[in-house]
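Below you'll find the structure, written out as structure tokens, and then a few comments.
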């Protein structure tokens with residue numbers, strides 16, 4: 001099949017997306033779906049079993065969002081369409097709720113989540129993650145951390161368990177077809193946190209020399225191609241500390257399940273993350289509080305973006321590279337990362353105030369740069385988050401309307417599920433987070 005002609009660089013999103021959508025829907029007529037099921041890497045490498053793509057997985061159901069809070073804009077028709085699922089040729093298996101058939105009786109309500117949401121924070125309530133899946137992912141990730149990468153010493157075990165990463169990833173990836181797929185995201189999440197803790201923050205991290213540590217760790221994700229003389233020294237360095245061991249192992253699992261394009265996409269977003277770490281480290285070394293807009297610029301890089309960007313790999317399919325690279329999709333992913341990271345700023349606020357040193361987060365920066373009280377700065381940060389969330393939903397709805405390709409809709413639903421699951425985990429992880437007494 002001849003590859004589609006790429007649109008000119010200055011094409012508008014609706015026009016360009018429509019051309020891509022028309023091509024992909026035509027492909028769907030011949031191939032049933034526009035998404036490619038990812039079954040593994042090069043010949044001879046282990047691969048994950050291909051998930052079924054002709055019917056929606058029971059794990060994939062994301063409920064319609066709760067009614068907006070008072071004063072919040074009502075969901076647009078485009079957003080409602082996105083949440084209901086795609087229409088058109090080859091999309092029946094991607095709709096989570098049939099259009100012309102009654103929905104199945106609802107499952108018994110899950111136990112209420114622990115903790116309480118930040119008052120006034122715009123979010124969608126989601127069911128508690130399946131406890132059986134959570135238990136299995138938690139068992140596997142702890143075995144990986146201890147037996148495969150020697151991630152932490154014995155006295156860090158309580159903190160590892162308290163992070164509840166299994167519950168986090170099950171909640172963020174409801175369309176993962178198997179536990180093996182969930183483990184792809186779980187290992188990477190744990191590895192990213194090991195780098196953050198050991199290189200940047202809680203467990204011996206420091207801004208001094210951070211660039212060198214991040215660069216060498218990044219070669220565990222983006223391999224070094226060097227001479228035969230020096231390659232053994234590099235390979236040995238990947239086992240030198242827990243962050244590099246975790247990066248190396250997690251990435252090896254990931255590339256066996258992902259396509260080359262998906263793996264390269266992830267490397268790019270991890271480079272973005274590391275650049276954000278370096279900006280924050282530079283401010284720490286200078287004892288500098290950035291302007292609010294500068295802080296938000298840093299947070300667009302030092303954020304959760306690498307997590308939702310792999311939602312298709314974890315879902316067992318691939319969004320075409322040209323569709324993923326479209327400016328509209330990149331904007332949606334960036335807004336999702338920005339909003340979810342401000343969620344982290346708000347829920348971790350008291351934890352960071354109690355920690356040694358001067359931690360930058362959005363309420364702290366607003367208070368210092370705009371002369372507000374701690375409470376007013378925190379409340380303004382909620383407004384910033386809500387604006388980002390509304391922008392995310394509006395842009396996602398516009399993209400779904402402009403590009404009615406099934407894979408685009410499926411990917412957007414995966415990103416939206418990640419946003420909701422991320423909030424649910426922060427709200428309910430009372431081991432790590434408590435809210436400030438501002439209400």
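Residue numbers (my numbering): 1 to 439.
Every residue gets a Cβ at the ideal spot worked out from N, C-alpha and C, and that includes glycine.
Note that the structure is predicted; figures quoted are calculated from it, not measured.
Residue from the options with nearest C-alpha to residue i
{"i": "residue 254", "options": "331, 139, 135 and 187", "result": "187"}
{"i": "residue 321", "options": "191, 158, 408 and 436", "result": "408"}
{"i": "residue 280", "options": "270, 424, 296 and 215", "result": "296"}
{"i": "residue 239", "options": "413, 136, 330 and 149", "result": "149"}
{"i": "residue 233", "options": "246, 249, 216 and 247", "result": "216"}
{"i": "residue 302", "options": "126, 315 and 278", "result": "278"}
{"i": "residue 343", "options": "323, 306, 421 and 355", "result": "421"}
{"i": "residue 114", "options": "287, 436 and 432", "result": "432"}
{"i": "residue 366", "options": "377, 419, 287 and 359", "result": "377"}
{"i": "residue 147", "options": "341, 393 and 246", "result": "246"}
{"i": "residue 179", "options": "130, 218, 158 and 220", "result": "130"}
{"i": "residue 308", "options": "428, 125 and 410", "result": "410"}
{"i": "residue 400", "options": "324, 373 and 359", "result": "324"}
{"i": "residue 306", "options": "293, 318 and 336", "result": "336"}
{"i": "residue 137", "options": "158, 155 and 181", "result": "181"}
{"i": "residue 332", "options": "218, 390 and 359", "result": "390"}
{"i": "residue 330", "options": "288, 375 and 412", "result": "412"}
{"i": "residue 123", "options": "382, 220, 363 and 236", "result": "382"}
{"i": "residue 160", "options": "139, 220, 256 and 126", "result": "139"}
Residue i in three-state terms, based on DSSP
{"i": "residue 318", "result": "strand"}
{"i": "residue 304", "result": "coil"}
{"i": "residue 438", "result": "coil"}
{"i": "residue 361", "result": "coil"}
{"i": "residue 248", "result": "helix"}
{"i": "residue 253", "result": "helix"}
{"i": "residue 353", "result": "helix"}
{"i": "residue 383", "result": "helix"}
{"i": "residue 454", "result": "No answer is possible for residue 454: it lies beyond the span of the chain, which begins at 1 and ends at 439."}
{"i": "residue 198", "result": "helix"}
{"i": "residue 172", "result": "helix"}
{"i": "residue 432", "result": "coil"}
Same chain only: Cβ atoms within 7 angstroms of residue i, ignoring 5 sequence neighbours per side
{"i": "residue 134", "result": "166, 167 and 170"}
{"i": "residue 338", "result": "299, 300, 303 and 388"}
{"i": "residue 211", "result": "278"}
{"i": "residue 291", "result": "369"}
{"i": "residue 194", "result": "151, 242, 243 and 246"}
Start-to-end residues for the alpha helix (DSSP H) that takes in residue i
{"i": "residue 137", "result": "131-143"}
{"i": "residue 420", "result": "406-428"}
{"i": "residue 268", "result": "260-286"}
{"i": "residue 232", "result": "231-237"}
{"i": "residue 188", "result": "179-195"}
{"i": "residue 241", "result": "Looking at the DSSP string, residue 241 is not in any alpha helix (DSSP H), and its letter there is neither H nor E."}
{"i": "residue 373", "result": "Looking at the DSSP string, residue 373 is not in any alpha helix (DSSP H), and its letter there is neither H nor E."}
{"i": "residue 159", "result": "157-163"}
{"i": "residue 333", "result": "327-347"}
{"i": "residue 211", "result": "210-218"}
Exposed unless 16 or more other CB atoms sit within 10 angstroms - verdict on residue i
{"i": "residue 227", "result": "exposed"}
{"i": "residue 430", "result": "exposed"}
{"i": "residue 108", "result": "Interpretation of residue 108 is limited by its pLDDT of 39, a score under 50 that renders its predicted location unreliable; no figure is taken from the coordinates."}
{"i": "residue 316", "result": "buried"}
{"i": "residue 144", "result": "buried"}
{"i": "residue 415", "result": "buried"}
{"i": "residue 283", "result": "buried"}
{"i": "residue 162", "result": "exposed"}
{"i": "residue 116", "result": "exposed"}
{"i": "residue 276", "result": "buried"}
{"i": "residue 437", "result": "exposed"}
{"i": "residue 252", "result": "exposed"}
Neighbourhood of residue i by C-beta, 6 angstroms cutoff - its chain only, sequence neighbours within 5 removed
{"i": "residue 313", "result": "258 and 262"}
{"i": "residue 222", "result": "267"}
{"i": "residue 434", "result": "350"}
{"i": "residue 347", "result": "426 and 433"}
{"i": "residue 118", "result": "346"}
{"i": "residue 340", "result": "304, 419 and 422"}
Cut-off 8 angstroms between Cβ atoms - residues of its own chain near residue i, not counting five sequence neighbours on either side
{"i": "residue 198", "result": "204, 205, 241, 242 and 243"}
{"i": "residue 425", "result": "164, 167, 168, 171 and 172"}
{"i": "residue 141", "result": "165, 166, 183, 186, 187 and 190"}
{"i": "residue 439", "result": "119"}
{"i": "residue 273", "result": "192, 301, 302, 303, 305 and 306"}
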